[in-house]
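Going by the numbering used here, 438 is the number at position 262 of the sequence shown; the sequence numbering is gapless. Here the structure comes first, spelled out in structure tokens, and everything after it is commentary.
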Amino acid sequence: MKKTILAGASILALGLAAPALAQSTSDIDQTGNGNGATVGQTGSSTSDIDQDGDGNNAGVDQDGDGNSSTIDQDAFGASADVSQTGDDNSSMVDQNDANPLPSGVFDPTATVTQNGSLNGSTITQTAAGDATLLDASVDQSGSGNMSMITQSADGAGAATGNLSASVVQTNGAMSSISQNITADGANNAAANITQDGASSSFVIQNLTKDDSNTFDATVNQTGDAHMSTVLQESAGGGTPNDLQAVVTQTGFDNTSTVTQKGSRSRAGVIQSNSGNTSNILQGPFDQEVDVNQSGADNFSDVLQRGFGEDATIDQSGDRNSSYVTQVNSTNRSDAFINQTGDDNTSNLLQNGGSLNVATVNQGGQGSSSDILQTASSWEDSATVNQFAGADQNSASITQRGVGTGGNLSQNSAEITQDGGLFNTSSIEQLGRLNDATSWQDGSNLASTIFQDGTSNAATVMQSGDGNVSNVSQSGDGNSASVNQGTVAPPVL
177 MKKTILAGAS ILALGLAAPA LAQSTSDIDQ TGNGNGATVG QTGSSTSDID
227 QDGDGNNAGV DQDGDGNSST IDQDAFGASA DVSQTGDDNS SMVDQNDANP
277 LPSGVFDPTA TVTQNGSLNG STITQTAAGD ATLLDASVDQ SGSGNMSMIT
327 QSADGAGAAT GNLSASVVQT NGAMSSISQN ITADGANNAA ANITQDGASS
377 SFVIQNLTKD DSNTFDATVN QTGDAHMSTV LQESAGGGTP NDLQAVVTQT
427 GFDNTSTVTQ KGSRSRAGVI QSNSGNTSNI LQGPFDQEVD VNQSGADNFS
477 DVLQRGFGED ATIDQSGDRN SSYVTQVNST NRSDAFINQT GDDNTSNLLQ
527 NGGSLNVATV NQGGQGSSSD ILQTASSWED SATVNQFAGA DQNSASITQR
577 GVGTGGNLSQ NSAEITQDGG LFNTSSIEQL GRLNDATSWQ DGSNLASTIF
627 QDGTSNAATV MQSGDGNVSN VSQSGDGNSA SVNQGTVAPP VL
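Have a look at this one:
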């Protein structure tokens, strides 16, 4: 008897000492017809599914501890699929759509895949009126990723809607996509974010005018501390459409901001290394921008507010800055900036006129250039070249052409400072069909050319140190040539 009592006591003690099994909780609430919900959980997690409507479909698969999934479907034919592996991940999907589609067609649709720990995803999809086709996808791996997608469409007509958002993130990234339709027939907005590293990305697409269509934003970021913001918005007259932005950032701590308000605008940004910043503002119609920055701490700012402007900026080296403003053009203006070396600055303003072209090339250190093309300039061209080895040189071109009388203007100004230190060169042209060239190779050289009239020509070539040239032409058909120092023509 004594042995039996001891054995019973031992079994009771073992039972009390055994750890409690992990507990999962699942709550499913269905109201309506033909709804389907499937939950599979391993470990200690929580799932809550609420379906109100007909033909909704929800699936949850969780493996690990501390995971949480919430799906709320107030819709007809909505679909949500959530898969979470790891610990302490959180997913929330909220779908609202009172517009049924044919049997077997799911809308809105949401897919969430999270693998790792402490990841968070929130998807909110709302369709009103006749709006259809909302699709959101999130794939996150690693730890500490956060994603938020909001899709809202409200408008009449079967074509309203068609919103697509995709996020792929690893290693502590954060992203937000907001897509909003508030107009009849507005459709086709796509946002795609891919990030690897602790960076942030924001995409906002607002289709606020009837029949707005085809907004496309793509962001790719690799590395830590990057920041990308893309805003695309209907604006201007007619039917706003075809806005495209592509941002690619690698390295560390680069920042890009793209704002597009209007139609037929395209922006491309590529930044590598560290500390580079790009700002682009486009609208209302037919602009293009390409920015490529490598090195460290370069800065680019582009403003386009006219018709048909085109800007290309390529900066390498460190601490270079460029500012491009293209406004009030009536028929395309082109700007090209290519800066190498360090601490160079370029300012370029095209205000009004048509078919004007401005080109800047700078090398060396600490050089600066300014180009102004304004008034009724027509097919004017301005070129500044300060090549490698040219340090702390300064160049300025101002063209205020006259475009009346057969749209003439066609002024041409060219500055080349091929090496040396502390050279300054300035060209100002008023009128039309004027031609000016200034070339300097040396140090502490200064050249000024002023032309006011028609068909004037001036050439200045200087080398050595300390030479100064001033040319002023008023009237028509004047010609001037200055040659100082031992001058060899530049090889371009």
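Note that CB positions come from ideal geometry on N, CA and C, so glycine has one too.
Residue i versus residue j - alpha carbon distance
| i | j | result |
| --- | --- | --- |
| G481 | N507 | Rather than Gly, the amino acid found at residue 481 in this sequence is Arg. If you take the alpha carbons of R481 and N507, they lie about 12 Å apart. |
| G539 | T574 | 22 Å |
| A401 | N356 | 28 Å |
| A332 | I325 | 23 Å |
| T662 | S614 | 15 Å |
| L479 | T424 | 20 Å |
| N654 | N417 | 49 Å |
| V395 | V422 | 6 Å |
| L192 | T201 | Because the pLDDT of L192 is 36, which lies under 50, any placement of that residue in the model is unreliable, and the number read from its coordinates should be weighed accordingly. Rounded to whole angstroms, L192 to T201 spans 24 Å at the Cα level. |
| N430 | F475 | 10 Å |
| V236 | G296 | 15 Å |
| T246 | D203 | 10 Å |
| Q616 | I625 | 13 Å |
| S340 | T207 | 28 Å |
| S220 | D283 | 31 Å |
| D674 | S354 | As shown, the chain starts at 177 and ends at 668. That puts residue 674 outside it, with no answer to give. |
| K385 | E409 | 9 Å |
| A603 | Q316 | Note that residue 603 is Ile in the sequence shown here, rather than Ala. Distance between the alpha carbons of I603 and Q316 is about 56 Å. |
| A274 | D250 | 8 Å |
| N347 | S319 | 6 Å |
| A194 | M350 | With a pLDDT of only 41 at A194, under the threshold of 50, the placement of this residue in the model should not be trusted; the figure read from the coordinates follows. Distance between the alpha carbons of A194 and M350: 41 Å. |
| L310 | Q562 | 52 Å |
| L188 | Q199 | In this prediction, L188 has a pLDDT of 30, which is less than 50 and means its spatial position is unreliable; what the coordinates show is noted afterwards. Spanning the two alpha carbons is a distance of roughly 23 Å. |
| G451 | R495 | 9 Å |
| T289 | T453 | 32 Å |
| P276 | V314 | 24 Å |
| A185 | N321 | Residue placement at A185 is poorly supported in this model, since its pLDDT is 38, which falls under 50; the coordinates are not used for a value here. |
| S557 | D594 | 20 Å |
| V500 | D477 | 6 Å |
| D652 | V636 | 19 Å |
| D248 | N504 | 49 Å |
| V269 | V281 | 19 Å |
Endpoints, the beta strand (DSSP E) within which residue i is located
| i | result |
| --- | --- |
| A341 | G337 to T346 |
| S545 | S544 to A551 |
| Q526 | T521 to N527 |
| L419 | N417 to F428 |
| V281 | Per DSSP, V281 belongs to no beta strand (DSSP E) and is neither H nor E. |
| D306 | Neither: D306 is in no beta strand (DSSP E) and is coded neither H nor E. |
| Q562 | S557 to Q562 |
| T384 | Unbroken run through T384: none, as it is neither H nor E. |
7 Å Cβ cutoff met for residue i and residue j
| i | j | result |
| --- | --- | --- |
| S377 | I369 | yes |
| D567 | G542 | yes |
| Q549 | Q515 | no |
| G438 | F461 | yes |
| G629 | S650 | yes |
| L597 | S631 | no |
| I489 | L524 | no |
| A329 | A303 | yes |
| Q371 | Q345 | yes |
| S497 | T521 | yes |
| V647 | A656 | yes |
| V560 | I513 | no |
| N583 | W554 | yes |
| V578 | G618 | no |
| T426 | T398 | yes |
Given residue i as reference, the closest of the options once Cα atoms are compared
| i | options | result |
| --- | --- | --- |
| G231 | S623, G582, L294 and S279 | S279 |
| G292 | A256, D241, A274 and D248 | D241 |
| G361 | D546, G471 and D306 | D306 |
| N363 | Q381, V258 and S639 | Q381 |
| T435 | I446, V467 and I456 | I456 |
| T390 | T398, S404, L419 and N599 | L419 |
| T336 | V343, D387 and T501 | D387 |
| Q660 | Q627, L606 and L621 | L621 |
| D205 | G517, T218 and A234 | A234 |
| S588 | N532, A571, V636 and G595 | N532 |
According to DSSP, residues forming a beta bridge with residue i
| i | result |
| --- | --- |
| A366 | S340 and D392 |
| S244 | T222 and S266 |
| L479 | L457 and T501 |
| R608 | T630 |
| T358 | Bridge partners of T358: none, in fact. |
| D641 | S619 |
| A511 | A487 and A534 |
| N583 | In the DSSP output, where bridge partners are listed per residue, N583 has none listed. |
| G661 | Note: G661 sits in no beta bridge, so no partner. |
| A213 | A234 |
| G296 | S266 and M322 |
| D473 | In DSSP, D473 forms no bridge with anything. |
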